[in-house]
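What follows is a short report on a single structure.
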Amino acid sequence: MKNWGYKSMKQYKNGSGKMKSNLFLIFLLFSFLLKSQNLDDIKVFYYPGGNIASKGFIKNGIPEGFWVNYYENGEIKSQGNRYQNKLDSTWSFFDKDGILSFSIDYEMGVKQGWKITYNKSLIVVRKELYYSDTIKELYAFYNSGKIKKRIFFKEGIKHGNAFEYDTTGVEKLFWSYKDGKSKKIIINRKDELNKKTGKWMKFHNDVLISEVNFLRGKKEGFERNYDLNGDLIEIKEYTKGILIKDFSKIINIQVKKQINERGLITKSGGYTRGGKMHGVHREYDENGLISSSKTYNKGVLLSDGLVMENGNKEGYWTFYYSSGKKKSEGLFKKNIKTGYWYNYFENGLLESEGFYNENGNRDSLWKEYYASGSIYEEINYFDGLYDGLYKAFDDSGRVIIRGTYKDNYEDGDWLYVNGNFSQKGSYNLGQKVGEWRNYYNKKQLIFKGNFENNLPVGEHIYWYNSGKLFRIGKYISGRKSGEWIEYTEGGEVLMITVYSDGLERVLNGYQINPQHEFEDYIEYENTGYR
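Written out as structure tokens, the structure is:
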């Protein structure tokens, strides 16, 4: 995606930063257009108070050519060309301070091309592409110029994949639209400990090329990778970041069978070119029915359990590390994990335990352990999604994260503990809401502020670990606004910064130019929504 930075509009601005009309240039322009278009006259309209309301060319009694409209205070309101009295080519629209607000491309009165919207600093914050007055594409931008949102339309209705990005350009929200209906997924998030959590997806030119779930920074479940056409090319299964199975690796093997004097198979299995057992090896009873089976990887026993002729795993299974130590055990039904399962570290201690439902998805309470044997996590699932109470523990058994999930998203009250620091607040489907507080040594308040839809809003206050005031200021829709004051621990004013729309305007009384290329202005670093 092209990084649409800010557009220079100095040609419209005088020293005070306002859009002023240059009467001499406009006169020359009018004179040129009058000669080249054979127009009848320049027509001027006035407000009741005597100020100019609009002026432009008249041809055969109707507006034609270049026209300018004014606010009653004398500032330009809009300007552009008319053809047969209809708006044509690019029209510019200004606010009452004379600052450019947006421009629109027209063709015979119909939007045909780009509508570009600017903020007070003349930075492009929105671009909309129109064809025959119908919107086709929409792009929104941060004040830094980086892409914030991208949506495509079909016949004026949202259609296809749409994305919202964080201030670093990483996709954070993913919508799939069809006939105006949408499915929204919050993606590529990190928790308060800066570890990946939930669904992570990667795209290339709008095409999904990778998707996998994370829990506390580790891959969990199936990872699917796609080529640049969106076709599936590999599937891998992970548990706590450890690759359990790579479904894409296939080795050429030779299948050998042993047959008894009655012509019935007694043994069967595959071998590598080097003669090592590989894949499923079965043994059969006297009636030719499968009695047992084991699975190997280049001579190393991987699992012990019944594999039917159709390839389905059935009954009780045991899996092994390459060392021969037990790795996991539980039931299969029609090739699907079901019932209670146990997973082990190579040292023999329990790594995790929990229940699979009939769909083969984790369900109800699962427990994860440290290699030392102490509890690591307690996770509640519903049909494979995080749902219900969640707890994480340090190796001493102290709770360091506690909260509830709903449909794979944090929801309700959450607590995070990181050493001597802790944080409390609420989520609504993965987005911060309401008041959040940070503490030092459990009791000393060091931060307090409100959030709406994951963005900081209202007054935010920070304190030193000693309890002395450190910083205070206000946010509007995720952007710093107004006066922000920082203090020394002794209570003296250290710095006063004035912000407007997230941009630094005044520092300790001195006017400054915002450094758009270095600042992102929406305060994701305080939200957990990175």
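Under the working numbering, the first residue of the sequence shown carries the number 582, and numbering increases by one thereafter. We put the beta carbon where it would ideally sit given N, CA and C, even for glycine.
- DSSP, read as helix, strand or coil, puts threonine 749 in coil.
- Going by DSSP, tyrosine 901 is part of the beta strand (DSSP E) stretching over 894-901.
- Between valine 888 and lysine 894, the C-beta spacing is below 8 angstroms.
- Contact check for phenylalanine 1032 against asparagine 1019 fails: the beta carbons are separated by 8 angstroms or more.
- Following the DSSP letters along the chain, one finds asparagine 942 in no beta strand (DSSP E), marked with neither H nor E.
- Classified as exposed, threonine 749 has fewer than 16 neighbouring CB atoms from the shown chains inside 10 Å of its CB.
- The distance from the Cβ of serine 903 to that of valine 881 is about 5 angstroms, consistent with a contact at the 8 angstroms cut-off.
- The DSSP-derived three-state label of glycine 1011 is coil.
- Secondary structure at threonine 853: coil, using DSSP grouped into helix, strand and coil.
- Histidine 1041 has its alpha-carbon roughly 12 angstroms from the corresponding atom of glycine 1063.
- A residue is called buried when at least 16 other Cβ atoms come within 10 angstroms of its Cβ; alanine 743 meets this threshold and is buried.
- Under the 8 angstroms Cβ criterion, the region 1063-1079 does not count as touching the region 689-702, having fewer than three qualifying pairs.
- In the three-state reduction of the DSSP assignment, phenylalanine 803 falls in the strand class, which pools E and B.
- Around the beta-carbon of valine 861, 16 or more other beta-carbon atoms lie within 10 Å, marking it buried.
- The beta strand (DSSP E) runs lying completely inside the region 1029-1083 and spanning 3 residues or more are 1036-1044, 1050-1057, 1060-1068, 1074-1081, given in chain order.
- Exclusion of the five residues before and after glycine 851 leaves Ile834, Gln835, Val836, His859, Gly860 as the residues of its chain whose Cβ lies within less than 7 angstroms of its Cβ.
- Around the C-beta of glutamate 1016, fewer than 16 other C-beta atoms lie within 10 Å, and the residue is accordingly described as exposed.
- Counting along the chain, glutamate 842 sits inside no beta strand (DSSP E), nor does DSSP assign it H or E at all.
- Residue nearest to lysine 727 within the set Glu736, Lys739, Glu745 is Glu745 (criterion: CA-CA distance).
- The beta-carbon distance between glycine 1011 and tyrosine 990, rounded to whole angstroms, is 4 angstroms. This is short enough to meet the 8 angstroms contact definition.
- Under DSSP, leucine 870 forms no beta bridge with any residue.
- Distance from the CA atom of asparagine 666 to the CA atom of phenylalanine 638, rounded to whole angstroms, is 10 angstroms.
- Per the coordinates, the alpha-carbon of isoleucine 917 lies some 23 angstroms from the alpha-carbon of phenylalanine 926.
- Apart from the 5 residues on each side of it in sequence, tyrosine 937 sits with its Cβ closer than 7 angstroms to the Cβ of Lys918, Thr919, Gly920, Trp922, Arg943, Asp944 in its chain, given in chain order.
- Here isoleucine 623 is bridged, per DSSP, to Phe638.
- Isoleucine 716 and glycine 694 do not touch by the CB rule: their CB atoms are close to 12 angstroms apart, not below 8 angstroms.
- When DSSP reads this structure, tyrosine 723 sits in no beta bridge, so it has no partner.
- Counting every other CB atom within 10 Å of its CB across the protein chains shown gives alanine 952 a total below 16, marking it as exposed.
- Within the model, the alpha-carbon separation for asparagine 810 versus leucine 966 is close to 28 angstroms.
- Taking all protein chains in view, the Cβ of isoleucine 840 is surrounded by fewer than 16 other Cβ atoms within 10 Å, so the residue is classified as exposed.
- Rounded to the nearest angstrom, the gap between the Cα atoms of tyrosine 1056 and valine 1038 is 5 angstroms.
- Scanning its chain for C-beta atoms nearer than 8 angstroms, with the 5 sequence neighbours on each side dropped, one finds around lysine 701 the residues Ile680, Ser1081, Asp1082, in chain order.
- In the three-state scheme derived from DSSP, where H, G and I count as helix and E and B as strand, arginine 663 is classed as strand.
- Per DSSP, leucine 703 lies in no beta strand (DSSP E) segment and is marked neither H nor E.
- Scanning its chain for C-beta atoms nearer than 8 angstroms, with the 5 sequence neighbours on each side dropped, one finds around aspartate 622 the residues Phe638, Ile639, in chain order.
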